[in-house]
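Participant:
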Amino acid sequence: MSVQTTKRRLSPASIEALKGERPIVSLTAYTTPIARLLDPHVDFLLVGDSLGMVLYGLDTTVGVTLDMMIAHGQAVMRGSERACVVIDLPFGSYQESKEQAFRTSARILKETGCSAVKLEGGAEMAETVDFLVSRGIPVLGHVGLMPQLVNTTGGYRSVGRNEKEVAKIRRDAKAIDDAGAFAIVVEGTVEPVAREITATLRCPTIGIGASPACDGQILVSDDMLGIFNDFKPRFVKHFAELAPAISKAVEAYANEVKARTFPGIEHTFQVKR
Numbered sequence: 041m042s043v044q045t046t047k048r049r050l051s052p053a054s055i056e057a058l059k060g061e062r063p064i065v066s067l068t069a070y071t072t073p074i075a076r077l078l079d080p081h082v083d084f085l086l087v088g089d090s091l092g093m094v095l096y097g098l099d100t101t102v103g104v105t106l107d108m109m110i111a112h113g114q115a116v117m118r119g120s121e122r123a124c125v126v127i128d129l130p131f132g133s134y135q136e137s138k139e140q141a142f143r144t145s146a147r148i149l150k151e152t153g154c155s156a157v158k159l160e161g162g163a164e165m166a167e168t169v170d171f172l173v174s175r176g177i178p179v180l181g182h183v184g185l186m187p188q189l190v191n192t193t194g195g196y197r198s199v200g201r202n203e204k205e206v207a208k209i210r211r212d213a214k215a216i217d218d219a220g221a222f223a224i225v226v227e228g229t230v231e232p233v234a235r236e237i238t239a240t241l242r243c244p245t246i247g248i249g250a251s252p253a254c255d256g257q258i259l260v261s262d263d264m265l266g267i268f269n270d271f272k273p274r275f276v277k278h279f280a281e282l283a284p285a286i287s288k289a290v291e292a293y294a295n296e297v298k299a300r301t302f303p304g305i306e307h308t309f310q311v312k313r
């Protein structure tokens, strides 16, 4: 008698349980091939609405649609088998009411098979987070710099530089933690504040431009790989420089096509006689 075993994905609960055990590793993913490459090395993959800027050339994430998130979520699920997959709720798909947020989240989970959703917001979104979690939808929170609010906050800038901002971040993080989020992304927050809230929250913090003391870290994969070079935030480290390598490869291809050295006869199909 043979016993078939299937690999089980990491769950939101298993991510939450890593607090105090070891740092949590995360990257964004938007496509099947990239998901396959990242999957063995990370704890969770975030299908972030950053895809609007990275893949579609948008100036902000505000123009990203729910259909876009679902399509890319499906692609990442096809390319991964181990990592917990979390999908961003795009701007306008959840802020109106907790009921709207549930409908959006339920559709994402049903149509992609992912494990959780992520939403931006602090105390004002705590009721929504509680509503989702109590109805079976795990939520990854997001406080500090919130890209979906770029039109009202005056652009992308670090936060926590005055007492008013510090008080808001503390309040927001605690509210989302108390509401039941399994983890919270802390973005663009001055280091001492990110370190402080990491020590006080029940759930793990996932830093991006925050603190080495956060319970985990996340970067946009295209930033980390040196592919997206429109701008480089202070908190990004290029672990590779793939953009020049890609450009050089395309240049070599173009030169060979023009010189008629590619394709060679070995790259063609012949009729066997």
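Quick note on numbering: the numbering used here labels position 156 of the sequence shown as 196, and the sequence is numbered without any gaps. All residues carry an ideal CB built from backbone N, CA and C; glycine is no exception.
Leaving out the 5 sequence neighbours to the left and right, which residues in its chain are closer than 6 Å to I305 when beta-carbon positions are compared?
Facilitator: Answer for I305: no residue qualifies.
Participant: In or out: P73 buried (at least 16 other Cβ within 10 Å) or exposed?
Facilitator: Classification for P73: exposed.
Participant: Nearest-angstrom Cα distance between L185 and D170?
Facilitator: Each residue's Cα considered, the two are about 22 Å apart.
Participant: Excluding the five sequence neighbours on either side, which residues of its own chain have a C-beta within less than 6 Å of the C-beta of P232, listed in chain order?
Facilitator: No residues qualify anywhere along the chain.
Participant: CB-CB under 8 Å to L85, same chain, minus the five flanking residues each way: which ones, in chain order?
Facilitator: Excluding positions up to five away in sequence, the list reads S66, L67, T68, A69, A75, L78, D79, V116, S120, A123, C124, V125 and V126.
Participant: Which residue spans inside the region 249–279 form an unbroken beta strand (DSSP E) run of at least 3?
Facilitator: Qualifying beta strand (DSSP E) stretches, in chain order: 256–259.
Participant: Determine, using beta-carbon pairs with one atom in the region 250–264 and one in the region 211–229, whether at least three such pairs fall under 8 Å.
Facilitator: Taking 8 Å as the limit for Cβ pairs, the verdict is that the region 211–229 does touch the region 250–264.
Participant: Of the residues A280, S133 and I258, which one's Cα is nearest the Cα of F268?
Facilitator: Minimum Cα distance to F268 is reached at A280.
Participant: For the alpha helix (DSSP H) containing D89, name the first residue and the last one.
Facilitator: It is not in any alpha helix (DSSP H) - D89 carries neither H nor E in the DSSP assignment.
Participant: What does E227 pair with, by DSSP beta-bridge criteria?
Facilitator: Beta-bridge pairing links E227 to G184 and I248.
Participant: How many angstroms separate the CA atom of K288 from the CA atom of T100?
Facilitator: Those two C-alpha atoms are separated by around 29 Å.
Participant: Can you name, in chain order, every residue of its own chain whose Cβ lies under 8 Å from the Cβ of G220, other than the five neighbours on each side?
Facilitator: Cβ neighbours of G220 beyond the five flanking positions: V169, D170, V173, S174 and V179.
Participant: Would you please state the rounded distance, in angstroms, between the beta carbons of G153 and V183? I believe it to be under 8 Å.
Facilitator: The Cβ separation is near 27 Å, so there is no contact.
Participant: Counting along the chain, where does the beta strand (DSSP E) carrying V157 start and finish?
Facilitator: A156 to K158 is the span of the beta strand (DSSP E), which, as asked, contains V157.
Participant: How big is the Cα-Cα spacing for M165 and D128?
Facilitator: Between M165 and D128, the C-alpha separation is close to 15 Å.
Participant: What number of angstroms, rounded off, separates the C-alpha of A213 from the C-alpha of E61?
Facilitator: If I take the Cα positions, the gap works out to 21 Å.
Participant: For R210, collect the residues of the same chain with a Cβ closer than 7 Å to its Cβ; drop the 5 residues on either side in sequence, then sort them by chain order.
Facilitator: I237.
Participant: Would you mind giving the Cβ-Cβ distance between L98 and H112, rounded to the nearest angstrom? I have them listed as a contact below 8 Å.
Facilitator: Actually they are not in contact, since the Cβ atoms of L98 and H112 sit about 14 Å apart, beyond 8 Å.
Participant: Rounding to the nearest angstrom, what Cα-Cα distance links G176 and E56 in this structure?
Facilitator: Roughly 16 Å between the two C-alpha positions.
Participant: Does the separation of the CB atoms of K138 and E167 fall below 8 Å?
Facilitator: Against a cut-off of 8 Å, the Cβ pair of E167 and K138 comes out as a contact.
Participant: Pull up the distance between the alpha-carbon of V199 and that of D255, whole angstroms please.
Facilitator: If I take the Cα positions, the gap works out to 19 Å.
Participant: Determine the direct distance from the alpha carbon of F302 to that of E296, and round the result to whole angstroms.
Facilitator: One C-alpha to the other measures close to 5 Å.
Participant: Determine, using beta carbons only, whether V260 and G88 come nearer to each other than 8 Å.
Facilitator: Cβ distance < 8 Å, so V260 and G88 count as in contact.
Participant: Grab me the residues of A283's own chain with a C-beta within less than 6 Å of its C-beta, minus the 5 sequence neighbours each way, in chain order.
Facilitator: Same-chain partners within the cutoff: G266, I267 and N269.
Participant: Could you tell me the alpha carbon to alpha carbon distance between E203 and R242, rounded to whole angstroms?
Facilitator: Cα-Cα distance, rounded: 23 Å.
Participant: On the DSSP letters alone, give me the boundaries of the beta strand (DSSP E) that T68 sits inside.
Facilitator: Note, T68: beta strand (DSSP E), I64 to T68.
Participant: Label Q310 either buried or exposed according to how many other C-beta atoms from any shown protein chain fall within 10 Å of its C-beta, with 16 as the threshold for buried.
Facilitator: Answer is exposed; the Cβ neighbour count stays below 16.
Participant: For Y96, count neighbouring Cβ atoms within 10 angstroms of its own Cβ and tell me buried if that reaches 16, exposed if not.
Facilitator: Y96 comes out exposed.
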